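A.B. asks:
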Amino acid sequence: MGKGLNDSIAQGTGLRTRILLIAFVILLIANAGAISTSSYLFIERMLQAQQSRAEAIARGLDTQLQRLAALGIGINQLQGFEDQCRDVVINNEGLSTAMVIAPDGRVAFHNDPAQMGDARASREMLDAITAQRTLHADPQAQTYYALAPIAGDKSWSEGVIAIGFPFSLIDAQRDRLISRSVIVSVAAIALGMLLLVLALSRYVMRPISTIVKATESLRQSGNVASGGRLPESDLYEFGVMAQGINRLLDRVDQHEAALREAKDFAISANRAKTTFLANMSHELRTPMNAIMGFTDLALRKTLELQTRNYLEKMQVAEHGLLAIIDDVLDITRIESDNMLIKPGALELSKVIQSQIALIERAADDKRLRVTSDISPALVGRVLIGDAQRLAQVLLNLLSNAIKFTERGSVAVRASIEHDDTASHNVIVRIEVQDTGIGIASEDQKRLFQAFEQVDNSSTRAYGGTGLGLALSKRIVELMGGEVGLASTVGKGSTFWFTVRLVDGKSSRVGEPMPQQIIAADDKYRSRSASLHRVLLVEDDRVNQDVISEMLTDAGLEVEVAHHGGEALELIDPTVHALVIMDIQMPHMDGLEATRAMRNRTDLAALPIIAMTANAFAENRDQCLQAGMNDFLTKPVDPTTFYRTLQRWLPR
Ligand code: ADP
């Protein structure tokens, strides 16, 4: 939009030029036709006229012969008649020859005496005489001859008087006529073209250029809705055209308005959905915290096998549920552009093996073989990337492969697609191949959109939220890569993705190696932490209970404040070694309470850890800005919980 006419249009010939060109050619042809027809007719008439004149002259000579015959002088005895012939030629302008041809073809008299005597008329002329033609053209002599039979002397009745006049007599007049006609017709063409130009610009070009200008300005502004319309025209055709185009523009206006409305609606619906998902994720996290916390506590305290069995199954279900809540949160993050990639050192083969380990049990249950083929160039090589997000994508693909495969195998392959020593970028390609149900090609594209599944019916055979692939695509793109698949229905699918990582040796990022995962085992619990008292600021009763229990279980003393205000009253740095602070609370929220505490010099160094169901990165930033030391999201994973405590409790 907004650019000038495109080249092919700009270089094209305009309508006016074309019409003029056509008109010019037509006029030219018409004029040429007129000139040639008129000159043909003219020549015919000229010839006739000259012939009649010559015939009259011949008759004059014949009359003389008649008179001589009446005096008893036959042609045969006649002498000196060539003088009459010569007189005729001299006295009649334009004549070149006058001769009397005897019945035997001899030239009896000629205005040029040298041509007389034994000379004979040409063969062609004699043929013409025999055929009784009245005109004979002699191209050799460049002369027309009017042939008139001799009536004056009966014995010569087969003789002929021939009066000649040169071609040039006719040609010169014809040339004069043509040159005049050409001058007249050039003037006529010029006048015609001028009139045509005037008529064209008045009746055709002006209305067209108005339409063209209006269309062009519409095209350049690209804004039909601005009300730009073509002017009406009093010429019928243009009036109809302008009206038609204006109607069309009206409809475009209406469609644009409808589209804008639909788009606005879609945007606000999407925003509402994102808000809803964020709220739902928050509201689910709070009870999940209690459920997971108590399950963990109960498992630690129960030795009875049956109960442990139930609790372990609950834990599996809880983790499944949490994974869904996490996916929902991730989608919300993606849609609000809040998804962050946190680079750190990683070893790809280990990331892959750890994710394979996670699905091995499920694969075993379905008797599926899981193989991995990792390029030797990757084994042991340290790269910089977000191991957690990478693992998330891989786990998504692996779980799908297991889920949608009934028999056969799942293979993971990893290789280096591009290793750029100059930029230290390493593009890694990972493939997950299965021998499962496969995906029809028409379904393949939409699978990477959120909530899309091949089978959306209520009777579908496989569960799932349809979020995994959408998330994977977005994460992979954030890591500078691509995702795709090749699949044949009934034979299986190969999902692949690439990510851009950075060579670990070259990296000056100085990122720490990922911490070894340390199980939340009794190591933390048995720490001599019993001296420590923790202030738990939390309004939710159930969460108060579960966190208190978890803290007590780790050998800590707990005091509970129900909101920020109460916490400010209770806090005592000589008694409390650490504060666990919820964010959303009645009366005074966690952020405000933290800021108030940090304003007190005696509390400036006290560790405060946020524990909230708001799991966005921006929430973490808000907490850290308010002065908190760390951030835990609900539902809190016991391992992380105890590790965080250990980090902040005085040793
Ligand atoms: P979910 O698995 O939770 O439904 P995903 O986004 O991971 O969501 O997958 C979307 C859909 O893509 C699945 O429901 C399934 O129809 C299809 N799909 C994904 N992976 C495979 C696979 N390996 N084989 C066959 N179909 C698959």
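Residue numbers (the numbering used here): 418 to 1068.
Virtual Cβ for every residue (Gly too), placed ideally from N, Cα, C.
This structure is a prediction, so every number in the text was calculated from the model and none was measured.
Taking only the alpha-carbon atoms, compute the straight-line gap between Thr-1061 and Phe-1048 and give it to the nearest angstrom.
C.D. replies: Straight-line Cα distance between these residues: approximately 9 Å.
A.B. asks: Name the two residues that bound the continuous beta strand (DSSP E) containing Met-1028.
C.D. replies: From DSSP, the beta strand (DSSP E) with Met-1028 extends over 1025-1029.
A.B. asks: May I ask you to report which of helix, strand or coil DSSP gives Arg-891?
C.D. replies: Of the three classes helix, strand and coil, the one that applies to Arg-891 here is helix, per DSSP.
A.B. asks: Run through DSSP, which three-state label would Asn-848 get?
C.D. replies: Looking at the sequence itself, residue 848 is Glu, so the reference to Asn does not match. In the structure shown, Glu-848 sits in a strand (DSSP, three-state: E or B).
A.B. asks: For Lys-940, which three-state DSSP category applies?
C.D. replies: Confidence is the limiting factor: at Lys-940 the pLDDT is only 40, short of 50, which leaves the residue's position unreliable and the question unanswerable from this model.
A.B. asks: So what does DSSP say about Gln-1063, is it helix, strand or coil?
C.D. replies: DSSP places Gln-1063 in helix when its eight states are reduced to three.
A.B. asks: Following a CB-centred definition, is Gln-870 positioned closer than 7 Å to any heavy atom of the ligand ADP?
C.D. replies: For the ligand ADP, at least one heavy atom lies less than 7 Å from the Cβ of Gln-870.
A.B. asks: Would you mind reading off the limits of the beta strand (DSSP E) that contains Gly-909?
C.D. replies: Note, Gly-909: beta strand (DSSP E), 909-920.
A.B. asks: Does DSSP classify Ile-801 as helix, strand or coil?
C.D. replies: DSSP places Ile-801 in strand when its eight states are reduced to three.
A.B. asks: Does at least one heavy atom of the ligand ADP sit under 7 Å from the Cβ of Phe-914?
C.D. replies: Phe-914 Cβ: outside cutoff for every heavy atom of the ligand ADP.
A.B. asks: Taking the beta carbon of Ser-572 as the centre, do at least 16 other beta carbons fall within 10 Å, making it buried, or is it exposed?
C.D. replies: Ser-572 should be labelled exposed.
A.B. asks: Whether or not the segment 586-598 and the segment 456-473 are in contact is what I'm after, with contact meaning three or more pairs of Cβ atoms, one per stretch, closer than 8 Å; do they touch?
C.D. replies: Contact holds: three or more Cβ-Cβ distances are below 8 Å.
A.B. asks: Can you list, in chain order, the residues of its chain with a C-beta nearer than 7 Å to that of Thr-703? Leave out the 5 residues immediately preceding and following it.
C.D. replies: Hits under 7 Å: Asp-957, Asn-960, Ala-1030 and Lys-1051.
A.B. asks: Only counting runs of 3 or more residues, tell me where the beta strand (DSSP E) segments fall wholly within the segment 465-518, in order along the chain.
C.D. replies: If we require 3 residues or more, the beta strand (DSSP E) runs fully inside the segment 465-518 come out as 514-518.
A.B. asks: In its own chain, which residues sit with a C-beta less than 7 Å from the C-beta of Leu-952, not counting the 5 before and 5 after it?
C.D. replies: The answer, listed in chain order, is Glu-976, Ala-978, Ala-984, Leu-987, Ile-988, His-993 and Val-996.
A.B. asks: For a minimum of 4 consecutive residues, which ranges assigned as the alpha helix (DSSP H) are wholly contained in the segment 732-761?
C.D. replies: Runs of the alpha helix (DSSP H) inside the segment 732-761: none found.
A.B. asks: May I have the straight-line CA-CA distance separating Ser-943 from Pro-760, to the nearest angstrom?
C.D. replies: Residue confidence for Ser-943 is low, a pLDDT of 42 falling below 50, so the modelled location carries little weight; the figure read from the coordinates is stated next. Those two C-alpha atoms are separated by around 34 Å.
A.B. asks: By a C-beta neighbour count over all protein chains shown, 10 Å radius and 16 as the cutoff for buried, is Lys-420 buried or exposed?
C.D. replies: Because the pLDDT at Lys-420 is just 44, under 50, the model does not fix this residue reliably, and the value given afterwards should be weighed accordingly. So Lys-420 counts as exposed.
A.B. asks: Helix, strand or coil: which one does DSSP assign to Asn-726?
C.D. replies: Asn-726 falls in the helix class under three-state DSSP.
A.B. asks: Can you determine whether any heavy atom of the ligand ADP sits closer than 7 Å to the C-beta of Asp-851, and answer yes or no?
C.D. replies: Yes.
A.B. asks: Can you tell me which residues form a DSSP beta bridge with Tyr-561?
C.D. replies: Answer by DSSP bridge pairing, in chain order: Ala-554 and Phe-582.
A.B. asks: Which value, in whole angstroms, describes the spacing of the CA atoms of Ala-695 and Pro-624?
C.D. replies: Roughly 59 Å between the two C-alpha positions.
A.B. asks: Nearer than 7 Å: is that true of the beta carbon of Tyr-1059 relative to any heavy atom of the ligand ADP?
C.D. replies: The answer is no for Tyr-1059.
A.B. asks: Give me the Cβ distance between Ala-808 and Val-849, rounded to the nearest whole Å; I'm assuming they're in contact under 8 Å.
C.D. replies: Ala-808 to Val-849, Cβ: 13 Å. No contact.
A.B. asks: Quick check: the Cα distance between Ser-904 and Ser-698, rounded to an integer number of angstroms?
C.D. replies: Ser-904 and Ser-698: Cα-Cα distance of roughly 34 Å.
A.B. asks: Which of the three DSSP states, helix, strand or coil, is assigned to Ala-971?
C.D. replies: Looking at Ala-971 - three-state DSSP - the assignment turns out to be coil, as it is neither helix nor strand.
A.B. asks: With a threshold of 7 Å (Cβ to nearest heavy atom), would Leu-884 be considered close to the ligand ADP?
C.D. replies: Flag set: Cβ of Leu-884 near the ligand ADP.
A.B. asks: Under 8 Å between the Cβ atoms of Gly-853 and Gly-909?
C.D. replies: Against a cut-off of 8 Å, the Cβ pair of Gly-909 and Gly-853 comes out as a contact.
A.B. asks: Are Phe-711 and Leu-814 close, meaning C-beta to C-beta below 8 Å?
C.D. replies: No, they are not a contact pair.
A.B. asks: At what residues does the beta strand (DSSP E) containing Lys-766 begin and finish?
C.D. replies: For the record, residue 766 in the displayed sequence is Ser; it is not Lys. Looking at the DSSP string, Ser-766 is not in any beta strand (DSSP E); the run it does join, the alpha helix (DSSP H), is 765-782.
A.B. asks: With DSSP as the reference, label Leu-652 as helix, strand or coil.
C.D. replies: In the structure shown, Leu-652 sits in coil (DSSP, three-state: anything other than H, G, I, E or B).
A.B. asks: Quick check: what's the CA-CA separation for Lys-890 versus Phe-914?
C.D. replies: About 8 Å.
A.B. asks: Terminal residues of the continuous beta strand (DSSP E) containing Gly-1007?
C.D. replies: Careful: Gly-1007 lies outside any beta strand (DSSP E), inside the alpha helix (DSSP H) at 1007-1015.
A.B. asks: Do the segment 786-802 and the segment 823-833 meet, that is, are 3 or more Cβ pairs less than 8 Å apart?
C.D. replies: These segments touch.
A.B. asks: Alpha carbon to alpha carbon, how far is Val-799 from Ile-935? Give it in angstroms, no decimals.
C.D. replies: Unreliable positioning characterises Ile-935 in this predicted model, as indicated by a pLDDT of 31, which lies under 50. A coordinate reading is not provided.
A.B. asks: At the level of alpha carbons, what is the spacing between Leu-895 and Ala-740?
C.D. replies: Going by the C-alpha atoms only, they are around 21 Å apart.
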